[in-house]
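Novice:
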Amino acid sequence: MTNADVAQVFNEIAVLLEIKGEDAFRVNSYRRVARTINDLTADIHDVAARGELGDLPGVGPGSAEKIHELLGTGRVSLREQLLSEVPDSLLRLLAVPTIGPKRAAVLWKECGITSMDELKAALAAGKLATVKGFGPKTLIQMERGIEFLERSAGRTRLGMGWKVSTLLGGAVLAMKGVERAEFAGSLRRGCETVGDLDLLCATEDPEQVVRQFLKLQHVTEVLSASTTKGLVIVDYEPIGTLRVDLRVVPAASFGAAWLWNTGSREHVTRLRARAAERGWSLGETGLTAGGRVIASQTEEEIYAALDLPWIPPELREDRGEFDVRVVPRDLLTLKHIRGDLHVHTTASDGRNTVAEMVEAALGRGYEYMCVTEHSQSSAIAGGLKEALLIGHMLDVRALAKRTEGIRVWIGTEVDILADGTLDYPDELLAQLDFVVASVHSGMGSDSEANTRRTLAAIRNPYVNCIGHPTGRLINEREAMALDLEAICKEAARTGTALEINANNFRLDLKDEHARLARAHHVPLVISTDAHAVDQFDQIQFGVLTARRAWLRRGDVLNTRAAKDVRAFVAAKRAAQG
DNA sequence: GCCGTTTTCGGCCCGACTGTTTTCAGTCG
25 MTNADVAQVF NEIAVLLEIK GEDAFRVNSY RRVARTINDL TADIHDVAAR GELGDLPGVG
85 PGSAEKIHEL LGTGRVSLRE QLLSEVPDSL LRLLAVPTIG PKRAAVLWKE CGITSMDELK
145 AALAAGKLAT VKGFGPKTLI QMERGIEFLE RSAGRTRLGM GWKVSTLLGG AVLAMKGVER
205 AEFAGSLRRG CETVGDLDLL CATEDPEQVV RQFLKLQHVT EVLSASTTKG LVIVDYEPIG
265 TLRVDLRVVP AASFGAAWLW NTGSREHVTR LRARAAERGW SLGETGLTAG GRVIASQTEE
325 EIYAALDLPW IPPELREDRG EFDVRVVPRD LLTLKHIRGD LHVHTTASDG RNTVAEMVEA
385 ALGRGYEYMC VTEHSQSSAI AGGLKEALLI GHMLDVRALA KRTEGIRVWI GTEVDILADG
445 TLDYPDELLA QLDFVVASVH SGMGSDSEAN TRRTLAAIRN PYVNCIGHPT GRLINEREAM
505 ALDLEAICKE AARTGTALEI NANNFRLDLK DEHARLARAH HVPLVISTDA HAVDQFDQIQ
565 FGVLTARRAW LRRGDVLNTR AAKDVRAFVA AKRAAQG
């Protein structure tokens with residue numbers, strides 16, 4: 025049982041108590057415990073074994089006892105008792121926008137609704153229109169929200185797919201007789217979500233490899249199997265559950281199989297048409313002419329036979345990648361990234377100190393890092409009041425002075441308020457090294473209002489980058505309505521960058537939007553928005569997204585040297601300040 | 001439920017937005 029598992033149980037207890045209508049402060053104390061454990065760097069088992077649970081902030085005798093019970097027995101009696109009173113299917117309804125614990129309780133107690141299907145039926149029948157607290161606008165938001173949830177169901181975020189594929193790939197490579205194992209499909213193309221994982225294996229003994237695969241430790245269900253294929257469900261708790269499709273192919277046709285299974289369908293269709301023009305045929309086993317194999321062993325050979333350079337997987341979407349005159353040869357890579365310009369620490373809602381984040385950035389070989397805490401309006405995220413930011417600035421500057429090997433800058437992730445003004449005065453922003461401005465609230469407005477708001481921030485001489493510009497959360501919240509064309513034009517005109525937030529929950533801007541920005545010559549910044557040292561790794565998802573947007577090194581600000589980033593900031597201030 | 005004292009219980013919590021219940025409750029980040 026991991027720290028995250030324990031935290032999850034406490035969060036669940038909090039929600040159940042809330043639905044029951046228990047005292048809000050008591051509810052909050054369980055949330056506090058969950059947060060503390062989730063943020064803990066030590067293993068909760070070790071803390072418990074040392075008898076030090078009570079030393080954790082927010083953990084008193086009651087919670088300590090429950091943690092011991094959970095670690096010892098895998099259960100908490102309070103949770104079991106609550107689940108006997110409150111139907112657990114009710115918890116799923118909380119994912120619907122506008123439904124929190126209070127409305128969930130009303131649905132359950134007054135309408136007898138405890139599941140998503142019942143809720144949908146009641147909405148369709150217009151039964152909720154008369155219920156107190158469920159006005160027409162709320163009902164519309166509810167219906168739209170359910171639609172969105174259903175649309176994103178079954179798709180797994182890239183980050184989770186990546187974790188599982190790394191673990192699973194390692195296990196498969198370690199199997200006897202496996203010469204090569206690679207992932208294909210949307211994961212290889214770096215899509216923001218993946219359906220199944222497509223795994224390809226080269227071996228001389230397919231049957232044996234399939235047999236071993238079906239028996240792998242994390243396989244919980246075999247959906248189908250043959251001598252060369254296996255379709256299974258793997259469960260890597262707590263990362264998640266995924267369907268994995270294994271295909272075993274001979275090494276001689278590995279390239280063809282890899283190409284075929286990487287897709288996209290549209291890309292492969294175009295390739296097949298290209299082969300047909302030459303009187304050939306392209307299939308899963310190779311490029312052939314009347315049964316004679318022209319190319320099959322590597323992707324490069326197949327593309328070359330079709331008079332094409334090898335096309336990187338991230339580009340294989342039939343978005344113009346066959347036009348060799350316009351496809352960039354020098355796509356951005358992870359190695360080009362020289363620093364992170366959007367990082368949180370314990371000074372606001374991060375989990376690691378400035379020193380720890382700097383150490384981690386240094387370990388990645390970064391040349392610079394900018395600390396950007398939340399601003400005062402983001403109270404729950406520990407946003408800093410003006411005086412606190414000034415104190416923090418002095419601290420970070422002092423640390424920067426005694427740190428070698430990396431430049432440490434102080435900035436902010438300042439809130440863009442509803443009217444487009446910023447959460448700090450210009451005089452304060454002017455003292456900072458780099459300013460990210462982001463929208464965190466009131467995203468439900470119309471496109472005109474949202475756009476006006478963001479444009480106003482872009483025009484501020486001290487704003488250098490717009491953070492997660494559309495505010496979407498993959499599978500959870502739609503992007504806000506925004507005129508990105510207008511945003512891009514103004515960003516380009518004023519020398520303001522747009523962020524590709526690399527966190528796999530966001531990937532915002534998304535690939536097409538980043539491509540639009542590039543077309544308008546807007547500089548992009550790829551940032552992790554890291555709240556802990558391990559989140560610096562998220563940068564890889566930002567780079568994948570950037571590649572899908574056809575970005576090259578020159579399109580991305582944080583591939584430039586530190587002095588050039590400073591010059592970028594100085595240029596905007598000089599032009600408008 | 002936790003905390004911090006005023007050592008025995010009162011205060012904790014975060015503010016904005018939204019829609020609706022028309023004076024505020026519920027949701028959300």
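Using the working numbering, the first residue of the first sequence is number 25, and each one after it goes up by one.
Just so it is clear, CB atoms sit at the ideal spot from N, CA and C, and this is done for glycine as well.
Does the distance from the CB of Glu338 to the CB of Gly214 come in under 7 angstroms?
Specialist: yes
Novice: Assuming His366 contacts Thr518 (C-beta within less than 8 angstroms), just tell me the rounded distance between them.
Specialist: About 19 angstroms separates the two Cβ atoms, so there is no contact after all.
Novice: Would you list, in sequence order, the uninterrupted beta strand (DSSP E) runs of no fewer than 3 residues that lie entirely inside the stretch 506-546?
Specialist: Taking only runs of at least 3 residues, the beta strand (DSSP E) segments lying wholly in the stretch 506-546 are 521-525.
Novice: For the beta strand (DSSP E) containing Asp259, name the first residue and the last one.
Specialist: Lys253 to Tyr260
Novice: Based on DSSP bridge pairs, tell me the residues matched to Val317.
Specialist: Thr312
Novice: Measure the C-alpha to C-alpha separation of Asp579 and Ser108 and round it to an integer number of angstroms.
Specialist: 56 angstroms
Novice: In whole angstroms, what is the alpha-carbon distance linking Asp269 and Leu295?
Specialist: Note on geometry: alpha-carbon atoms of Asp269 and Leu295 lie some 23 angstroms from one another.
Novice: Return helix, strand or coil for Gly389, following the three-state DSSP convention.
Specialist: coil
Novice: Excluding the 5 residues preceding and the 5 following His544 in the sequence, name in chain order all residues of the same chain whose CB lies nearer than 7 angstroms to its CB.
Specialist: So the qualifying residues of the chain are Cys512, Lys513 and Ala516.
Novice: Using only alpha-carbon positions, find the residue among Glu42, His69, Glu171 and Ala554 that is nearest to Gly374.
Specialist: Ala554
Novice: Take the Cβ of Ala403 as the centre, count every other Cβ of all protein chains shown within 10 Å, and call the residue buried at 16 or more, exposed below.
Specialist: exposed
Novice: Among Leu456, Ile490 and Asp443, whose alpha-carbon lies nearest the alpha-carbon of Glu472?
Specialist: Comparing Cα-Cα distances from Glu472 to each of Leu456, Ile490 and Asp443, the minimum goes to Asp443.
Novice: For the candidate residues Met417, His492 and Tyr392, whose alpha-carbon lies nearest to that of Arg584?
Specialist: Of the candidates Met417, His492 and Tyr392, the one whose C-alpha sits nearest the C-alpha of Arg584 is Tyr392.
Novice: Assign Asp439 to buried or exposed, taking buried as 16 or more other Cβ atoms, counted over all protein chains shown, within 10 Å of its Cβ.
Specialist: buried
Novice: Can you tell me which residues form a DSSP beta bridge with His398?
Specialist: Glu437
Novice: Inspect the CB distances between the stretch 307-320 and the stretch 334-350 and report whether three or more fall short of 8 angstroms.
Specialist: Because the criterion of three Cβ pairs below 8 angstroms is not met, the stretch 307-320 and the stretch 334-350 do not touch.
Novice: What are the start and end residues of the alpha helix (DSSP H) that includes His416?
Specialist: Judged by DSSP secondary structure, His416 falls within the alpha helix (DSSP H) whose first and last residues are Glu410 to Lys425.
Novice: For the candidate residues Ser288, Glu36 and Leu355, whose alpha-carbon lies nearest to that of Pro125?
Specialist: Glu36
Novice: Compare the Cα-Cα distances from Gln105 to each of Glu134, Thr60 and Leu40 and report the closest residue.
Specialist: Among Glu134, Thr60 and Leu40, the Cα nearest to that of Gln105 is on Leu40.
Novice: Taking DSSP as the reference, what is the three-state secondary structure of Ser465?
Specialist: coil
Novice: If you drop the 5 nearest sequence neighbours on each side, which residues of the same chain put their C-beta closer than 8 angstroms to that of Arg271?
Specialist: Asp222, Leu223, Leu224, Cys225, Thr252, Lys253, Ala281 and Asn285
Novice: Out of Thr369, Glu410, Asn484 and Ala510, state which residue places its alpha-carbon closest to the alpha-carbon of Asp63.
Specialist: Thr369
Novice: Could you give the residue range of the beta strand (DSSP E) that holds His92?
Specialist: Looking at the DSSP string, His92 is not in any beta strand (DSSP E); the run it does join, the alpha helix (DSSP H), is Pro85 to Thr97.
Novice: Judging by CA-CA distance, which residue of Arg431, Ala145, Asp457 and Leu266 is the nearest neighbour of Thr597?
Specialist: Contrary to the premise, residue 597 reads as Arg rather than Thr in this sequence. Among Arg431, Ala145, Asp457 and Leu266, the Cα nearest to that of Arg597 belongs to Asp457.
Novice: Based on DSSP bridge pairs, tell me the residues matched to Arg576.
Specialist: Leu355
Novice: Name the residue from Leu94, Ala72, Val110 and Ala480 whose alpha carbon lies nearest to the alpha carbon of Gly45.
Specialist: Relative to the Cα of Gly45, the nearest Cα in the group Leu94, Ala72, Val110 and Ala480 belongs to Val110.
Novice: Please confirm whether Ile563 and Ala526 have their CB atoms less than 7 angstroms apart.
Specialist: yes
Novice: With a Cβ-Cβ cutoff of 7 angstroms, do Leu80 and Ile91 count as a contact?
Specialist: no
Novice: Within the same chain, show all residues whose beta-carbon is closer than 6 angstroms to that of Gly406, passing over the 5 residues directly before and after it, in chain order.
Specialist: Ser372 and Asp373
Novice: As a quick exercise: from Asp220, Gly303 and Thr569, pick the residue whose alpha carbon is nearest that of Leu533.
Specialist: Thr569
Novice: Rounded C-beta distance between Glu523 and Val459? I'm assuming under 8 angstroms.
Specialist: 12 angstroms between Cβ atoms; not a contact.
Novice: Could you give the distance in angstroms between the alpha-carbon of Gly264 and the alpha-carbon of Leu114?
Specialist: 21 angstroms
Novice: Considering only residues of the same chain and omitting the five flanking positions on each side of Val382, which have a CB-CB separation below 8 angstroms?
Specialist: Met393, Leu423, Thr427, Ile430 and Val432
Novice: Check whether the stretch 325-344 and the stretch 194-207 are in contact - that is, three or more C-beta pairs closer than 8 angstroms.
Specialist: no
Novice: Nearest CA to the CA of Phe5: which residue from Phe172, Gly98 and Leu143?
Specialist: There is simply no residue 5 to check, as the chain begins at 25 and stops at 601 in what is shown.
Novice: Rounded to the nearest angstrom, what separates Leu147 and Arg179 at their Cα positions?
Specialist: 25 angstroms
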